[in-house]
Every structure is written in structure tokens, then in C-alpha cells.
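First comes the structure, then the notes that go with it.
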Amino acid sequence: MMNDLDYWKMRLNKFMDSKELNTISAIAKFDSLSGIGKVRYISVVSELVQPVLNQYNVDPRYFKLLLDKKMTSKKFTYQRVAIWAEYFHEEGVTPSIGNFDAIVPSYAKFK
1439 MMNDLDYWKM RLNKFMDSKE LNTISAIAKF DSLSGIGKVR YISVVSELVQ PVLNQYNVDP
1499 RYFKLLLDKK MTSKKFTYQR VAIWAEYFHE EGVTPSIGNF DAIVPSYAKF K
């Protein structure tokens, strides 16, 4: 059976489905933190996503709601968050959890 840290490290690898991210440094950051796996995971994922939120002017509170809601979703990946942020920036729509669910990732769109 997988222990807590191994489980969350696996989840971190699934989140980082993009060549845009440095997997080795993210895992090193995860390993360097203390606390339970979920707390480490949230900390690393938030740090990875912050530049995307800044680039597209997304309020970090929306991402916090998304992170809380989608913690165990297989759909919750870096590319989906980047597409979500870009879409709302371009469309000028208020981001929401339902909107995140409605967007099907199109990897052709991802820059």
C-alpha cells in the first residue's frame, strides 16, 4: 500500500503534465517541505500556478476555490489551469468552478 507522501508525490506528477514545468525542481521542493503530503502538494501546486494567475490577472482566490474543489480530480492539471486562466482573460468572464468543469482542454490551444 502507498504511504501518504508517495501518494501526494504521484498526484504532483499527474498535475505537472506539461513540458513547461521543471518536474525535478518541483519534486525537490515537495521533498524539502515538512508536513503531511496534502499540505506539501497544495504549497507546490500554488507556487507553480502563481505565474499563470499573474499573467492572466486571475484573482488567486478563484484558484484557491478550484484547488479545494478539484483536489482529487484527474482533470486537475497544469494545462487545464493554464487554459482556464487564458480563456477567462480573453473572454472577460468571471472565473468559477463550473466554468473550469465546462472547459475541455484543447492542447492545440495551449501555448
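Counting from 1 along the sequence shown, just add 1438 to a position and that's the residue number in the numbering used here.
Beta carbons are placed, not taken as given, at the ideal position from N, Cα and C, and that holds for glycine.
Mapping DSSP to helix, strand and coil, what is Ile1541? Residue 1541 sits at position 103 when you count from the first residue of the sequence shown. Correct three-state label for Ile1541: coil.
What number of angstroms, rounded off, separates the C-alpha of Asp1444 from the C-alpha of Gly1473? By 1-based counting over the sequence shown, the position of residue 1444 is 6. By 1-based counting over the sequence shown, the position of residue 1473 is 35. The straight-line gap from Cα to Cα measures roughly 13 Å.
Around the C-beta of Leu1471, are 16 or more other C-beta atoms found within 10 angstroms, so that it is buried, or is it exposed? The residue given as residue 1471 occupies position 33 in the sequence shown. Taking all protein chains shown into account, Leu1471 has fewer than 16 neighbouring C-beta atoms within 10 Å of its C-beta and is therefore exposed.
What's the call for Ile1535, buried or exposed, on a 16-neighbour Cβ count within 10 Å? As a position in the sequence shown, residue 1535 is number 97, starting the count at 1. Classification of Ile1535: exposed, given that the 10 Å Cβ count is below 16.
Please say whether Pro1533 and Val1496 have beta carbons closer to each other than 8 Å? One-based indexing of the sequence shown puts residue 1496 at position 58. One-based indexing of the sequence shown puts residue 1533 at position 95. Their beta carbons are under 8 Å apart, which means Val1496 touches Pro1533 by this criterion.
Just verifying my parser: in three-state terms, what is the DSSP assignment at Ala1546? Reading the sequence shown from its first residue, position 108 is the one you call residue 1546. Here Ala1546 scores only 45 on pLDDT, less than 50, and its place in the model should not be relied on; the value that follows carries that caveat. Ala1546 falls in the coil class under three-state DSSP.
With a threshold of 16 other CB atoms inside 10 Å of the CB of Arg1518, please say whether the residue is buried or exposed. The residue given as residue 1518 occupies position 80 in the sequence shown. Within 10 angstroms of the beta-carbon of Arg1518 lie 16 or more other beta-carbons, which makes it buried.
Could you please give the first and the last residue of the uninterrupted alpha helix (DSSP H) stretch that includes Pro1498? Counting from one through the sequence shown, the residue named residue 1498 turns up at place 60. 1498 to 1507 is the span of the alpha helix (DSSP H), which, as asked, contains Pro1498.
Pick from Ala1540, Glu1528, Phe1514 that is closest to Val1487, judged by C-alpha positions: Here the question's residue 1487 lines up with position 49 in the sequence shown. Considering only Ala1540, Glu1528, Phe1514, the residue with the shortest C-alpha distance to Val1487 is Phe1514.
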